[in-house]
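Asker:
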DNA sequence: TTAATATATGAACAGATATTCATATGAAAG
DNA sequence: CTTTCATATGAATATCTGTTCATATATTAA
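Residue numbers (my numbering), protein chains in the order written: chain A, 224 to 344; chain B, 224 to 344.
(1) With a threshold of 8 Å between beta-carbons, can residue 253 of chain A be considered close to chain B, or not?
(2) So with Cβ pairs under 8 Å, would you call residue 309 of chain B a contact of chain A?
(3) Against chain A, with Cβ distances strictly below 8 Å, would residue 281 of chain B count as a contact?
(4) Given that a residue counts as buried once 16 or more other Cβ atoms are within 10 Å of its Cβ, and exposed if not, what is residue 272 of chain B?
(5) Kindly indicate if chain B contains any beta-carbon less than 8 Å away from that of residue 326 of chain A.
(6) I need the DSSP call for residue 331 of chain A, collapsed to helix, strand or coil.
(7) Count the other CB atoms within 10 Å of the CB of residue 259 of chain B; is the residue buried (16 or more) or exposed (fewer)?
(8) Please compile the residues from chain A whose C-beta is within a distance smaller than 8 Å of the C-beta of residue 248 of chain B.
(9) Which whole-angstrom value is the C-beta distance of residue 319 of chain B and residue 265 of chain A, which I expect to be below 8 Å?
(10) Between the Cα of residue 244 of chain A and those of B:257, B:263 and B:282, spot the shortest distance and give me the residue it belongs to.
(11) Measuring alpha carbon to alpha carbon, tell me which residue in A:328, A:257 and A:296 is nearest residue 279 of chain A.
(12) I'd like the list of long-range same chain contacts for residue 225 of chain B, defined as Cβ closer than 6 Å, with 5 residues on each side in sequence excluded.
(13) Where residue 314 of chain A and residue 307 of chain A are concerned, what is the direct C-alpha to C-alpha distance, given to the nearest angstrom?
(14) Residues bridged to residue 285 of chain B by DSSP?
(15) So that I know if they touch, is there some Cβ in chain B lying closer than 8 Å to that of residue 295 of chain A?
(16) Since residue 334 of chain B and residue 337 of chain A should fall inside the 8 Å C-beta cutoff, what is the C-beta to C-beta distance between them, to a whole number of angstroms?
(17) If you run the structure through DSSP and keep just helix, strand and coil, what is residue 255 of chain A?
(18) Is residue 324 of chain A closer than 8 Å to residue 304 of chain A when the C-beta atoms are compared?
(19) Give the secondary structure of residue 317 of chain A by DSSP, where H, G and I count as helix, E and B as strand, and everything else as coil.
(20) State buried or exposed for residue 340 of chain A, treating a residue as buried only when at least 16 other CB atoms are found within 10 Å of its CB.
(21) Cβ of residue 342 of chain A within 8 Å of Cβ of residue 250 of chain B?
(22) Let me know the secondary structure DSSP gives residue 343 of chain B once reduced to three states.
(23) Please confirm if residue 265 of chain B has its CB atom under 8 Å from at least one CB of chain A.
(24) Please list, in chain order, the chain A residues whose beta carbon lies closer than 8 Å to that of residue 337 of chain B.
(25) Let's test the definition: count the other Cβ atoms within 10 Å of the Cβ of residue 270 of chain B and tell me whether it reaches 16, buried, or not, exposed.
(26) Which residue's Cα is closest to the Cα of residue 263 of chain B: B:288, B:254, B:310 and B:332?
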């Protein structure tokens with residue numbers, strides 16, 4: 224028996240609260256859902272992306288607008304927009320040479336606003 | 224003049240939508256707030272931490288409980304709890320050798336539930 | 001006091017990630 | 001059709017992050 228197993232076994236007998244654990248196990252979403260959830264929040268967890276999303280609260284913007292507004296290179300903005308697109312947080316429409324991005328739906332606003340509430344307390 | 228500056232200047236004259244940019248600039252929170260916001264979401268953006276938080280939806284749990292429940296080493300759980308503590312997402316109380324953790328406030332639930340809503344659409 | 005146990009913490013390492021650079025694509029203008 | 005411009009993308013790099021390992025701390029029991 225390796226050391227780590229020994230520790231877990233000790234713990235089993237002495238400090239585990241079985242009732243609590245079983246209750247929680249029953250109500251927790253499955254691993255995949257929680258993984259996806261973490262992936263979603265990871266997308267919000269970068270200041271460039273948050274700035275892009277917040278910028279799109281007010282208006283539809285093209286890549287160049289965003290780049291200048293945030294003072295971030297066009298390339299970096301494009302890369303981040305791709306991530307936002309992949310995660311269905313923004314949508315876009317093409318018009319000539321420009322591509323206009325906007326928020327995909329209201330969830331984006333509400334998630335960000337919830338976060339702001341937490342910060343401003 | 225270096226290449227990148229030339230590009231920005233071209234862009235200034237040709238594709239920037241001044242009105243949109245000004246509107247957005249007025250309503251955007253300051254950089255520090257947006258940075259903090261990203262930091263907050265970064266904390267939610269890890270599956271181990273999300274699992275810990277979700278586990279605490281149902282019940283107060285000690286480190287050992289969490290470790291067994293999630294099948295993650297005690298050390299890893301401790302490290303992640305520290306991050307959650309630092310960001311005021313969990314609180315704790317000591318009782319003998321055990322330390323019991325629970326959610327710091329309702330924001331945590333609502334942020335996570337908002338995220339779940341987005342995923343399940 | 002000493003041993004056992006629950007939790008915490010620092011250092012190290014491996015894997016992930018954001019930006020930059022160079023370049024490609026695609027649309028409009030000349 | 002060639003040039004210009006807006007955007008996209010792949011590769012490279014530097015930084016960040018999560019886990020593990022070893023060990024420290026603190027509490028209880030013997």
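Glycine included, every Cβ here is placed at the ideal spot set by N, Cα and C. Since this is a predicted model, take the numbers as computed values, not measurements.
Answerer: Let me lay it out:
(1) Start at 1 with the first residue of the first chain, and residue 253 of chain A comes out as number 30. Not an interface residue.
(2) To locate residue 309 of chain B, count along the second chain from 1; it is residue 86. So no, residue 309 of chain B is outside the interface.
(3) In the second chain, residue 281 of chain B corresponds to position 58, counting from 1. Judged by the 8 Å Cβ criterion, residue 281 of chain B is in contact with chain A.
(4) Your numbering for residue 272 of chain B matches position 49 in the second chain. With 16 or more other Cβ atoms within 10 Å, it is buried.
(5) Here residue 326 of chain A is taken as the residue at index 103 of the first chain, counted from 1. Answer no: the Cβ-Cβ gap between residue 326 of chain A and chain B never drops below 8 Å.
(6) Looking up residue 331 of chain A in the first chain gives position 108. Of the three classes helix, strand and coil, the one that applies to residue 331 of chain A here is helix, per DSSP.
(7) By one-based count along the second chain, residue 259 of chain B stands at place 36. Buried, because 16 or more other Cβ atoms sit within 10 Å of the Cβ of residue 259 of chain B.
(8) Start at 1 with the first residue of the second chain, and residue 248 of chain B comes out as number 25. Ordered by position in chain A, the residues that pass the 8 Å Cβ test against residue 248 of chain B are 292.
(9) Indexing the second chain from 1 puts residue 319 of chain B at position 96. Indexing the first chain from 1 puts residue 265 of chain A at position 42. Rounded, the Cβ-Cβ distance is 37 Å, inconsistent with contact.
(10) The residue you call residue 244 of chain A lines up with position 21 of the first chain. Nearest C-alpha to residue 244 of chain A: B:282.
(11) Numbered from 1 along the first chain, position 56 holds the residue referred to as residue 279 of chain A. Nearest C-alpha to residue 279 of chain A: A:328.
(12) In the second chain, the residue the question calls residue 225 of chain B occupies position 2. Because residue 225 of chain B sits at a pLDDT of 31, beneath the cut-off of 50, its placement in the model cannot be relied upon, and the following sentence gives the value as read from the coordinates. Here the set comprises nothing.
(13) Along the first chain, one-based indexing puts residue 314 of chain A at 91. Along the first chain, one-based indexing puts residue 307 of chain A at 84. Cα to Cα, residue 314 of chain A sits roughly 9 Å from residue 307 of chain A.
(14) Counting from 1 along the second chain, the entry for residue 285 of chain B is found at position 62. Paired residue(s): B:323.
(15) Numbered from its first residue, the first chain carries residue 295 of chain A at position 72. It does not; no Cβ of chain B falls within 8 Å.
(16) Sequence index remark: in the second chain, residue 334 of chain B carries index 111 (1-based). Sequence index remark: in the first chain, residue 337 of chain A carries index 114 (1-based). Going by Cβ atoms, the distance from residue 334 of chain B to residue 337 of chain A rounds to 5 Å, so yes, they are a contact pair.
(17) Residue mapping note: residue 255 of chain A aligns to position 32 of the first chain, counting from 1. Here residue 255 of chain A sits in helix by DSSP.
(18) Counting from 1 along the first chain, the entry for residue 304 of chain A is found at position 81. Counting from 1 along the first chain, the entry for residue 324 of chain A is found at position 101. Yes, Cβ-Cβ distance for residue 304 of chain A and residue 324 of chain A is below 8 Å.
(19) Residue 317 of chain A sits at position 94 when you count from the first residue of the first chain. Three-state result, residue 317 of chain A: strand.
(20) As a working mapping, residue 340 of chain A is identified with position 117 in the first chain. It counts as exposed.
(21) Sequence index remark: in the first chain, residue 342 of chain A carries index 119 (1-based). Sequence index remark: in the second chain, residue 250 of chain B carries index 27 (1-based). Contact flag unset, no.
(22) Taking the second chain and counting its residues from 1, one reaches residue 343 of chain B at position 120. In the structure shown, the three-state DSSP call for residue 343 of chain B is coil.
(23) Looking up residue 265 of chain B in the second chain gives position 42. True, the Cβ-Cβ gap to chain A drops below 8 Å.
(24) Taking the first residue of the second chain as 1, we reach residue 337 of chain B at position 114. Within chain A, 330, 333, 334 and 337 have C-beta atoms less than 8 Å from the C-beta of residue 337 of chain B, given in sequence order.
(25) Working through the second chain from its first residue, we reach residue 270 of chain B at position 47. Buried.
(26) Position 40 of the second chain, counted from the first residue, corresponds to residue 263 of chain B. Answer by Cα proximity: B:310.
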